[in-house]
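Just so you know, the sequences run in chain order A and B.
The first sequence begins at 795 in our numbering and counts up one residue at a time.
The second sequence begins at 795 in our numbering and counts up one residue at a time.
Ideal Cβ placement from N, Cα and C applies to all residues, glycine included.
2 protein chains.
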Amino acid sequence: MTREEAGATAETIRPSSASAVDDLVAKIRSLISDEGLKVGDNLPTERELCERFQASRNTVREAMRILKAYGIVSVRPKVGATIIDDRMERALDLFAFNTLEVSRSTFNDIQGFRTLLEVASVEELFERITQEDITELQRANDEMMNAGSAMEASEADFRFHTRLIQVLGNKAILDVYKIMKPVILKIMVRGKTRRTFSTTTFSEHAAIIEALSARDRIAYQYRMKSHLEAGFPHFDE
Amino acid sequence: MTREEAGATAETIRPSSASAVDDLVAKIRSLISDEGLKVGDNLPTERELCERFQASRNTVREAMRILKAYGIVSVRPKVGATIIDDRMERALDLFAFNTLEVSRSTFNDIQGFRTLLEVASVEELFERITQEDITELQRANDEMMNAGSAMEASEADFRFHTRLIQVLGNKAILDVYKIMKPVILKIMVRGKTRRTFSTTTFSEHAAIIEALSARDRIAYQYRMKSHLEAGFPHFDE
DNA sequence: CACTGTTTATTTGTTGGACAAATGAATACC
DNA sequence: GGTATTCATTTGTCCAACAAATAAACAGTG
């Protein structure tokens, strides 16, 4: 087959206007669902995929790289591409990609989101919270105070807030919150370099816990909102 | 340089034991941070990267595919690789689960999440909403009424709710909402098979719009909450 | 038979080179 | 001055070859 023929064929056959690689990704995905492949099963070899979908090996490989980056397959020499489900880990990795700085607008969006999740959810929160939850919040706060580094303190800080979200008993919300972890952590660390976590942040958390214990909705909302807004000055630009 | 030399050199020079592609991803990452490249800036061309890092073009391309999949660069012919920041969107994309069957608990979680986003955000919503927004909501509602099928009606229904979320002006929240689209759509279609979208759903939306126009917070919250809970009976199990 | 080291075959990993396609920039034209 | 055309650059895809890893088959040894 000559170059022109190959080009013409590809253009005639290819259904969508997307690139060959993107098409292939879609095809492999539907192949997975059509064949009902489960975690642990293997995909056909690269060369089989070339034949089946009439694509070159480089195209197949680029498609494979995407699936790998998405945490859908694990590729090993000789054994081939095995279906996995590392999407959660991948999602976390994405934000751990530290090359990019948290911009002011990202900070605004994330903190706005958190305000919605942690402040506006007050009714549901107060309806569900137990003494055990409060005890755990206390523990997380103590761990933060005794942390040795800003990073360690931020981890405990995040644990405090995650524990609060957990009270809502909504898996979808909890998952989204966990995905945002790396960004939230970055925001927290930034704050920790200027304010000391063992004093300011600690007492803010303590005040929030106190409002929860006293079942004081208004105090809780006010204190949590202030707490989330405390980082603002560090991101002015 | 012969093949063996190339291989030997690569093995000698390559610092980590990872693959050439993974190495390259790391190198490009540090190149971004070292040069202080920001969103909007361009990476060197593929061939320049080949020379600089002594790798073949296919290797460079596979590395680029990973960065693209991570939402860090956008690649266009002639222009090259531009740095972007779609990491949030990408990370959430990974959760675009191949929605199997929407269980009762999934329904509860998703609708609970939506209640938080659409009901609890009332303050921010009323602060920002304009006449133009309301007009667009009206249009989406009309389109739903005139839809030919349950699927079409659900698309318009989703457009209505997305438009509302958009008013909040928070990209993170909007991204999350868009990602949940497949699940939300399934929930909507299910409802549409029993209630008729041209009557019940339409008038519920109309009532919500009315409350928005009248700037009536309490009415809005009550009506939206009821609207979101209307699907409950279809998911008892 | 059980175990261990070796060979073999298969599959992914990497390279180099060629051409197609897209497109921004320069140029010619009216 | 504005518009169509050509040109140059860059990514997109394909092909063919060889390197490297490794699971599986095999042979040797106690």
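**OP:** Give a yes or no on whether 7 Å exceeds the smallest Cβ distance from Gly-942/B to chain A.
**Re:** Counting from one through the second sequence, the residue named residue 942/B turns up at place 148. Closer than 7 Å: no.
**OP:** Could you list which residues in chain B have their beta carbon closer than 7 Å to that of Leu-831/A, in chain order?
**Re:** Locating residue 831/A in the first sequence gives position 37, counting from the first residue. By Cβ distance, chain B contributes nothing, its closest Cβ being about 12 Å from Leu-831/A, past 7 Å.
Original post:
Of the residues Ala-857/A, Pro-838/A, Gly-942/A and Leu-888/A, which one's Cα is nearest the Cα of Ala-812/A?
Top reply: For this step, residue 812/A is matched to residue 18 along the first sequence. Ranking the options by Cα distance to Ala-812/A, first place goes to Ala-857/A.
Subject >> Member of Ala-966/B, Asn-940/B and Leu-1006/B whose CA lies at the smallest distance from the CA of Arg-1017/B >> reply: Counting from one through the second sequence, the residue named residue 1017/B turns up at place 223. It is Leu-1006/B.
Original post:
What residues in the segment 970-984 of chain B have a beta carbon less than 7 Å from any beta carbon of chain A?
Top reply: Result list: Val-970.
Original post:
Relative to chain B, which residues along the segment 831-862 of chain A have a C-beta separation below 7 Å, given in chain order?
Top reply: Within the segment 831-862 of chain A, the residues whose Cβ lies closer than 7 Å to some Cβ of chain B are Asn-852, Arg-855, Glu-856, Arg-859 and Ile-860, listed in chain order.
Subject >> Helix, strand or coil at Asn-940/B according to DSSP, with G and I counted as helix >> reply: For the purposes of this step, residue 940/B is taken as residue 146 along the second sequence, with counting starting at 1. Looking at Asn-940/B - three-state DSSP - the assignment turns out to be coil, as it is neither helix nor strand.
Original post:
Could one say the Cβ of Ala-914/A lies closer than 7 Å to chain B's Cβ atoms, at least one of them?
Top reply: Within the first sequence, residue 914/A is the residue found at index 120, counting from 1. Taking Cβ atoms only, chain B reaches closer than 7 Å to Ala-914/A, which makes this a yes.
**OP:** Compile a chain-ordered list of the residues in the segment 897-931 of chain B whose CB is closer than 9 Å to at least one CB of chain A.
**Re:** Ser-899, Thr-900, Asn-902, Asp-903, Ile-904, Gly-906, Phe-907, Thr-909, Leu-910, Leu-911, Val-913, Ala-914, Ser-915, Val-916, Glu-917 and Glu-918
Original post:
Contact check, Leu-837/A vs Ile-878/A under 8 Å by CB: the rounded distance?
Top reply: Against the first sequence, residue 837/A aligns to sequence position 43. Against the first sequence, residue 878/A aligns to sequence position 84. Leu-837/A to Ile-878/A, Cβ: 11 Å. No contact.
Subject >> Proximal residues of chain B, C-beta to C-beta of Arg-884/A below 7 Å >> reply: Numbered from its first residue, the first sequence carries residue 884/A at position 90. Within chain B, the residues near Arg-884/A are Leu-888.
Subject >> Among Asp-835/A, Ala-1000/A and Thr-853/A, the one whose alpha carbon lies nearest that of Asn-935/A >> reply: To locate residue 935/A, count along the first sequence from 1; it is residue 141. The residue with the shortest Cα to Cα distance from Asn-935/A is Ala-1000/A.
Original post:
For Ser-868/B, does the three-state DSSP call read helix, strand or coil?
Top reply: Taking the first residue of the second sequence as 1, we reach residue 868/B at position 74. Ser-868/B falls in the strand class under three-state DSSP.
Original post:
Cα separation between Ala-1063/A and Ala-914/B?
Top reply: The question about residue 1063/A has no answer here: the residues shown for chain A are numbered 795 through 1031.
Subject >> Length of the line joining the Cα atoms of Lys-965/B and Arg-908/A >> reply: Along the second sequence, read from residue 1 onward, the residue named residue 965/B stands at position 171. Along the first sequence, read from residue 1 onward, the residue named residue 908/A stands at position 114. Cα to Cα, Lys-965/B sits roughly 13 Å from Arg-908/A.
**OP:** Grab the span of the beta strand (DSSP E) containing Ala-875/B for me, first residue to last.
**Re:** Here residue 875/B is taken as the residue at index 81 of the second sequence, counted from 1. Unbroken beta strand (DSSP E) run through Ala-875/B: 874-877.
**OP:** Taking only the alpha-carbon atoms, compute the straight-line gap between Lys-1043/A and Glu-883/A and give it to the nearest angstrom.
**Re:** In the structure as shown, chain A begins at 795 and stops at 1031. Residue 1043/A is therefore absent and cannot be evaluated.
**OP:** Count the other C-beta atoms from every protein chain shown that fall within 10 angstroms of the C-beta of Phe-1026/B, then say buried if there are 16 or more, exposed otherwise.
**Re:** One-based indexing of the second sequence puts residue 1026/B at position 232. Around the beta-carbon of Phe-1026/B, fewer than 16 other beta-carbon atoms lie within 10 Å, marking it exposed.
Subject >> CA-to-CA distance, Ser-943/B to Asp-828/B, given in whole angstroms >> reply: As a working mapping, residue 828/B is identified with position 34 in the second sequence. As a working mapping, residue 943/B is identified with position 149 in the second sequence. Their backbone Cα atoms lie some 55 Å apart in a straight line.
**OP:** Go ahead and pull the three-state DSSP assignment for Glu-805/B.
**Re:** Here residue 805/B refers to the residue found at position 11 of the second sequence. Because Glu-805/B sits at a pLDDT of 34, beneath the cut-off of 50, its placement in the model cannot be relied upon, and the following sentence gives the value as read from the coordinates. Residue state, collapsed to three classes: helix.
Original post:
If you compare alpha carbons, which of Tyr-864/B, Val-873/B, Arg-984/B and Arg-922/B is closest to Arg-957/B?
Top reply: The residue you call residue 957/B lines up with position 163 of the second sequence. For Arg-957/B, the nearest C-alpha among the options comes from Arg-922/B.
**OP:** Please say whether Leu-968/A and Glu-918/A have beta carbons closer to each other than 7 Å?
**Re:** Taking the first residue of the first sequence as position 1, residue 918/A is located at position 124. Taking the first residue of the first sequence as position 1, residue 968/A is located at position 174. No, these two residues do not count as a Cβ contact at 7 Å.
Original post:
How big is the Cα-Cα spacing for Ala-941/B and Thr-993/A?
Top reply: Taking the first residue of the second sequence as position 1, residue 941/B is located at position 147. Taking the first residue of the first sequence as position 1, residue 993/A is located at position 199. Rounded to whole angstroms, the gap between the alpha carbons of Ala-941/B and Thr-993/A is 59 Å.
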